[in-house]
Amino acid sequence: MASISNNEVEHVAQLARLDLTEPEKTLFGEQLNQILTFVEQLQEVSTEGIPLTASVAEQKSVLREDLPHDGLSQEQALRNAPEANEGFFVVPKIIGK
Amino acid sequence: MTYEPVIGVEVHAQLQTQTKLFCSCPTSFGLPPNTQVCPVCLGLPGSLPVLNQRAVEMAVRTGLALHCELTLTNQFSRKNYFYPDLPKGYQISQYDLPICGPGWLEISVNGKRKRVRIMRAHLEEDAGKNVHEEGADDSHVDLNRAGTPLLEIVTEPDLYSSDEVDAYLKTLRDLLVYLDVCDGNMEQGSFRCEPNVSIRPKGHEALGTKVELKNINSFRYAKDALEYEISRQTEVLDEGGVVQQETRLWNVNKGQTAVMRSKEGAHDYRYFPDPDLLPVILDSELIEELEHTIPELPSVRLQRFMQDYRLSEYDAAILTDSKGLADYFECCVKLFPHPKTVSNWVTGELIRELNTSDTSPADAPMSPQRLAELLQLVDSGTVSLKAARELFSELYATGMSAEQLVKEKGLVQVSDEGQLGVIVDEVLVAHSAQVEQYHGGKEAVLGFLVGQVMKASKGKANPGKVNELLKRSLAP
């Protein structure tokens, strides 16, 4: 059985900007352990000589010609923005850089 | 203790495509905010990226010019982090399978040639722009630039001084401009460089702790920032301190670097292959085709200029510094086959005018044909060298034919012996004392007499001819 520490759960949560309660940390820690245990099980399969597979789709390049098309208008682009001003998306102040 | 800096450089070159890397939005600059956007580059749910063929071709051409091993099956990965200018919450980049693998670029530093190893070059999308006004309690985001194609070119830590970095950056910039893949404009951010530097006791193998430098938007700043950083690190070590691994920003006004983020805050990007994009497969036919589109590269052209035109390395380097100038020179030499003369005019008068009017050689109002015409007039003695120099600015600005302007200004040089003979005789009569001195063995007086003839002719006399006539008349 894989074992993921409380610190690791907190780290992953922090990377995803999730604010977890203590019971949630325990709950998700357990679930993550189950997932990792499943991956351990997969790792028992011998994959020698088999190339890495990131996708099961057909392996061919899909490319687009470099021809511009109109996208959205400024008004359309900002329509779902929680806040907008003078054509910009408005976000909470970015501290530092 | 004596230390030696070890420097590696990352360059982000914006590719000159019409459209973004994964969508058909134009890459035009300077338009109102959020007007060059679509569901893909805004990261709206359900949208799917489709790779720009032209960007792939540009990356391959750059890779070939940098002698890189191309990764025949390369792949895009997601680099995950949160920032308001990154609408998807990840940047599409390349990680373990970059389009260009190891290669090299030859640079020349103080006449010494050196190969800088390239570690990799990969395609990625640019982020948007955050605008933050002083004192405001929010920030503004413009996503016009989001998704613009970049080629990130990374060197091995092969550079050992700010001069070497300077040479590397300029050589790389010229190369990308020659290849027509990037406009090379540092101020506008289409050629961004981030050097990383560490120092180690001279003679030691092990590398010190490196510091990454950002906010460098000119060649000058790159040099200044590196020199500042090298002396800062030296001071830290000399005082028994430890260099921290961190990212520092160059502050132009203070002439200093300051910490931007330390390693503790370093990101954990959790790269993984982007499931929305298939691998990019480069077939040999395409590579071969692209190989043929690579023009003569600056270093090769420089060597050829030295050999074929017998120019000094200095002159050849100035001429091949930009493709436009080298083309201008060659076009002119075809019409007026005296390379050294053409080189003098191009590297002197022409560059002076180009610089003052901030014009590229291709847009110069004076065409190479016009310059050749002027040089022909000087060569045939129709116009004096002095007059040609004086007329240059006007000829440059108007793009006029030299022959026409010379006639209009009455500056046609007099080479006719009959006409000149009359003036020579007058001068000799008026300056009999000097004539006597000359006969007495004081030959330097000849210069004075030439000057008098030139003056009497209002500068129109051909000085070579005057010299010849005077000598003949004064001969015993």
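For the record, the sequence lines run as chains G and X.
Position 72 (the first sequence) corresponds to 72 in this note's numbering; numbering is contiguous.
Just so we're on the same page, this note's numbering is the position in the second sequence counted from 1, plus 97.
All residues carry an ideal CB built from backbone N, CA and C; glycine is no exception.
Does DSSP put residue i in a helix, in a strand, or in coil?
| i | result |
| --- | --- |
| lysine 320 of chain X | helix |
| phenylalanine 89 of chain G | strand |
| methionine 155 of chain X | helix |
| glycine 362 of chain X | The predicted model places glycine 362 of chain X with a pLDDT of 48, which falls under 50 and marks its position as unreliable, so this point remains unresolved. |
| serine 205 of chain X | strand |
| isoleucine 4 of chain G | coil |
| glycine 49 of chain G | coil |
| glycine 518 of chain X | helix |
| leucine 525 of chain X | helix |
| proline 372 of chain X | coil |
| lysine 226 of chain X | strand |
| threonine 354 of chain X | strand |
| leucine 78 of chain G | helix |
| leucine 394 of chain X | coil |
| alanine 84 of chain G | strand |
| glutamate 565 of chain X | helix |
| asparagine 456 of chain X | In the sequence as displayed, the identity of residue 456 of chain X is threonine instead of asparagine. Coil, per DSSP. |
| glutamate 336 of chain X | coil |
| arginine 329 of chain X | helix |
Contact defined as beta carbons within less than 8 angstroms: I believe residue i pairs with residue j. What is the distance between those atoms, to the nearest angstrom?
| i | j | result |
| --- | --- | --- |
| valine 91 of chain G | alanine 84 of chain G | The pair is not a contact, with the Cβ atoms about 10 angstroms apart (cut-off 8 angstroms). |
| valine 511 of chain X | serine 554 of chain X | 6 angstroms |
| leucine 148 of chain X | asparagine 171 of chain X | In fact, because the Cβ distance is near 11 angstroms, the residues do not count as touching under 8 angstroms. |
| leucine 256 of chain X | glutamate 221 of chain X | Contact doesn't hold; Cβ gap of about 23 angstroms is too wide. |
| proline 136 of chain X | serine 125 of chain X | So it is not a contact: roughly 19 angstroms between Cβ atoms. |
| tyrosine 275 of chain X | proline 395 of chain X | 6 angstroms |
| serine 190 of chain X | serine 174 of chain X | 6 angstroms |
| aspartate 277 of chain X | glutamine 113 of chain X | 7 angstroms |
| proline 392 of chain X | cysteine 428 of chain X | Not confirmed; about 15 angstroms, so no contact. |
| alanine 485 of chain X | valine 475 of chain X | 5 angstroms |
| glutamate 343 of chain X | valine 356 of chain X | 5 angstroms |
| cysteine 290 of chain X | isoleucine 313 of chain X | 6 angstroms |
| glycine 305 of chain X | valine 340 of chain X | 6 angstroms |
| leucine 98 of chain G | valine 9 of chain G | Coverage of chain G is limited to positions 1 through 97, which leaves residue 98 of chain G absent and any answer about it impossible. |
| methionine 216 of chain X | threonine 252 of chain X | 6 angstroms |
Any idea which residues DSSP pairs residue i with across the strands?
| i | result |
| --- | --- |
| histidine 219 of chain X | X:Glu249 |
| leucine 63 of chain G | X:Leu148 |
| isoleucine 104 of chain X | X:Leu256, X:Val294 |
| alanine 558 of chain X | X:Val511 |
| arginine 210 of chain X | X:Ser205 |
| isoleucine 378 of chain X | X:Thr170 |
| histidine 109 of chain X | X:Glu249, X:Arg289 |
| leucine 72 of chain G | X:Val134 |
| glycine 200 of chain X | X:Ile215 |
How would you write the range of the beta strand (DSSP E) that residue i sits in, first residue to last?
| i | result |
| --- | --- |
| isoleucine 384 of chain X | Isoleucine 384 of chain X -> not in any beta strand (DSSP E); alpha helix (DSSP H) instead, spanning 381-388. |
| asparagine 348 of chain X | 343-348 |
Mind checking which residues open and close the alpha helix (DSSP H) that includes residue i?
| i | result |
| --- | --- |
| histidine 536 of chain X | 529-536 |
| threonine 495 of chain X | 482-495 |
| glycine 548 of chain X | 542-553 |
| isoleucine 35 of chain G | 22-43 |
| arginine 17 of chain G | Run containing arginine 17 of chain G: none; DSSP gives neither H nor E here. |
| valine 56 of chain G | From DSSP, valine 56 of chain G is part of no alpha helix (DSSP H); its letter is neither H nor E. |
| alanine 469 of chain X | 465-476 |
| valine 503 of chain X | 499-505 |
Cβ of residue i versus every heavy atom of the ligand MN: is any distance shorter than 7 angstroms?
| i | result |
| --- | --- |
| glutamate 30 of chain G | Of the ligands one can find in the structure shown there are none, so the ligand MN has no counterpart to examine. |
* To do: Quick one: which unbroken alpha helix (DSSP H) runs of 4-plus residues sit fully inside the segment 229-314 of chain X? Chain order, please.
  => 259-275
* Asked: Along the chain, which unbroken stretches of the beta strand (DSSP E) at least 3 residues long are found entirely within the segment 112-194 of chain X?
  -> 174-177, 187-190
* Fully enclosed by the segment 401-450 of chain X, which alpha helix (DSSP H) runs are 4 residues long or longer? -> 410-416, 420-432, 436-442
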